[in-house]
Ligand code: ADP
Ligand code: MG
């Protein structure tokens, strides 16, 4: 997409600003008006020059009276000096090694400088600060274009390289002053606005950018957050309708075959598994394609359910409109996982479940293709060429294909794709889900999404609004609880000793660190966090010299990652030091210990997921939550890990205890920060859901809701509508 030239003309953008706007996807004046502040700062931060004190980080604003470049007296390095004046005095801002700063803004122009006030020999100056040119109204403490209080409620906008919050502030002010916001149509009807006491769009735009009071700002935010989740829900419901209006394979399952398959398991399915299997099979035998989500903690047995319904799919013949079984040849199943490690693990699990049946199973990832069974070794799998795998997949000889998002590629064709299983679907996005669904011609496959990511109910209602829900809320019998301990600094050594005992007994451990490398100084909060590489060295040298230690993290290339994972799986590595991004669900049953360093940095739900890695074993498992935090509140929060019943309870706690911004980013769910504000509010989420339901019930084509329809149509469309 290209930037609308109106913006370019109106604001005389430099190339950096242009790039920044494009990166932020702000293409039109309308987009700019709807670019919302993330918070309100205090413009009183803009100080008078006379008040500046050495050692403070200050913002000043004034006229540039002199630009100079000189050489350091001893050092001879070039120094730019910019002298700025306001009503109260003058100060120099200096930059070392950056002579060009003296040429950035011409003398006589207005500028804003942010930087550290320093004093040398009785003279104050600002060193290596940020310098930007501003227009007349920049002198915020003098101006009252909108209202007097504005100085204490300056909106702060998310910035991007090349463009500042301040730029947005003034650009938007310019647009509103010119009345540009008046012509934007409100997609939400008066009736809904009235019912929930929400301001109309024009008012909300003014209030959110230039609030006269806190309650105005709040009210505007509420409106935008309602609007956002309303449209997410509406879009998902429309997608659901559209998907379900497609023809599907109507699969009446053979209960006997399913029972036989389950009978070969070396365990008895839990009641939750049985219930979920039945719900899924019932969906697949109905007249509409399934769109269902199977939700359950790591280890609750989702893969076992997936295998069972896959089996049922490939041994069942579809039923035509007259109730007659059609003889299609084998129907097919595609099972998509977010990473290679997980795809491979699903492949291996499926082989276990299917080995007595000799059914072909393929594995397709970026780094190779495999097929089970191997001709030479009927109990194992063998590498095959990609071309061969694609051919067998297209002609139906491979009924089950497991893989990463590589499954979406155009070259991959199926003969009769009847079921698509998507693991951790939020890692793919709605778009990709539909892409794989389209691989079937004419008839769409049933969709089963699976997730172990615990999220609060409000979030689930919003982002999974298009999916029916099956819950695995029960762990397989005999599974031992993971013993969880919150460990403070003083107890480290004691814990290391008990870990040593376990390792000596042949068990293995994960140690999770917040970072990969040495401190990244830009990220303040990371400064004290342990890094994978350093911690591995320290443990090897000081704590566990007698054990084999290795590292795994996102920066390793896939081959190295696989090699390390393989060594760990085979017990060649005792301690694996890793970042938290290492896939959930990685299944090494001999690993019974997990240490999480810097635990206060993680959400409870995320900690719970990390703990899930040691849940699979028949040995007693331990989770040590390490925190050097001094805050009692933080430690109490972490202790919830010991008491909460499941991941979903912890997700709710996260939502209540941590700020919205900290709910490990709405971005991964496609929700903005302002949208996340609604997620905290069950009433609002339910209100949006009710309104969406009401509208679609009475007006499914949105013919009587032109403004809503227009907004929906202006969004990127899910691809299957074509
Ligand atoms: P998930 O995919 O939800 O993490 P899996 O299906 O991979 O869980 O199951 C985790 C482990 O538990 C596997 O080793 C599996 O064989 C075993 N398992 C699954 N269901 C049961 C059950 N009902 N009883 C005992 N063990 C089970
Ligand atoms: Mg699994």
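In the numbering used here, the protein residues as written are 756 to 1477.
Here a beta-carbon is modelled for each residue, glycine too, at the ideal position from N, C-alpha and C.
Let me know if residue i comes out buried or exposed under the rule of 16 or more other beta-carbons within 10 Å of its beta-carbon.
| i | result |
| --- | --- |
| residue 770 | exposed |
| residue 1449 | exposed |
| residue 1014 | exposed |
| residue 952 | exposed |
| residue 1058 | buried |
| residue 1282 | Low per-residue confidence applies at residue 1282: pLDDT is 46, beneath 50, and the placement is therefore not dependable, though the value from the model is reported in the following sentence. Its Cβ having fewer than 16 others within 10 Å, residue 1282 is exposed. |
| residue 1141 | exposed |
| residue 1127 | buried |
| residue 1003 | buried |
| residue 1115 | buried |
| residue 762 | buried |
| residue 1272 | exposed |
| residue 1316 | buried |
| residue 876 | exposed |
| residue 1253 | exposed |
| residue 1262 | buried |
Should residue i be counted as a contact of the ligand ADP given a C-beta to heavy atom distance under 6 Å?
| i | result |
| --- | --- |
| residue 1018 | no |
| residue 1067 | no |
| residue 1029 | no |
| residue 1057 | yes |
| residue 1231 | yes |
| residue 1154 | no |
| residue 1369 | no |
| residue 1332 | no |
| residue 1403 | no |
| residue 1064 | no |
| residue 1025 | yes |
| residue 1022 | yes |
| residue 1430 | no |
| residue 1237 | no |
| residue 1053 | yes |
With DSSP collapsed to three states, give me the class of residue i.
| i | result |
| --- | --- |
| residue 1450 | helix |
| residue 950 | helix |
| residue 802 | strand |
| residue 1418 | Unreliable positioning characterises residue 1418 in this predicted model, as indicated by a pLDDT of 47, which lies under 50. The coordinate reading is nonetheless provided below. In this structure, residue 1418 counts as coil in the three-state DSSP scheme. |
| residue 1343 | coil |
| residue 774 | helix |
| residue 919 | coil |
| residue 913 | coil |
| residue 1385 | coil |
| residue 992 | helix |
| residue 1317 | helix |
| residue 883 | strand |
| residue 1439 | helix |
| residue 1153 | coil |
| residue 830 | coil |
| residue 957 | helix |
| residue 984 | helix |
| residue 764 | helix |
| residue 1399 | coil |
| residue 1355 | helix |
State the CB to CB distance for the pair residue i and residue j, rounded to an integer number of angstroms; the pair is presumed to be in contact (CB under 8 Å).
| i | j | result |
| --- | --- | --- |
| residue 1209 | residue 1054 | Going by Cβ atoms, the distance from residue 1209 to residue 1054 rounds to 13 Å, so no, they are not a contact pair. |
| residue 870 | residue 848 | 7 Å |
| residue 1342 | residue 1371 | 6 Å |
| residue 843 | residue 813 | Contact doesn't hold; Cβ gap of about 13 Å is too wide. |
| residue 1064 | residue 1036 | 6 Å |
| residue 1071 | residue 1008 | 6 Å |
| residue 1149 | residue 1120 | Wrong, their Cβ atoms sit about 18 Å apart, outside the cutoff. |
| residue 1131 | residue 1264 | That belief does not hold up - the Cβ atoms of residue 1131 and residue 1264 are roughly 37 Å apart, past 8 Å. |
| residue 1111 | residue 1019 | 6 Å |
| residue 1176 | residue 1061 | 5 Å |
| residue 1102 | residue 1157 | 5 Å |
Is residue i near the ligand SAH, going by C-beta to nearest heavy atom under 6 Å?
| i | result |
| --- | --- |
| residue 1088 | In terms of ligand content, the structure shown lacks the ligand SAH and carries the ligand ADP and the ligand MG instead. |
- Message: Could you tell me which whole alpha helix (DSSP H) segments of length 4 or greater appear in the stretch 1197-1246?
- Response: 1212-1218
Minimum length 4: unbroken alpha helix (DSSP H) runs contained in the stretch 1012-1078: 1026-1039 and 1057-1070
Pick out the complete alpha helix (DSSP H) segments inside the stretch 1120-1169, 4 residues or longer, and give them in chain order. 1141-1149
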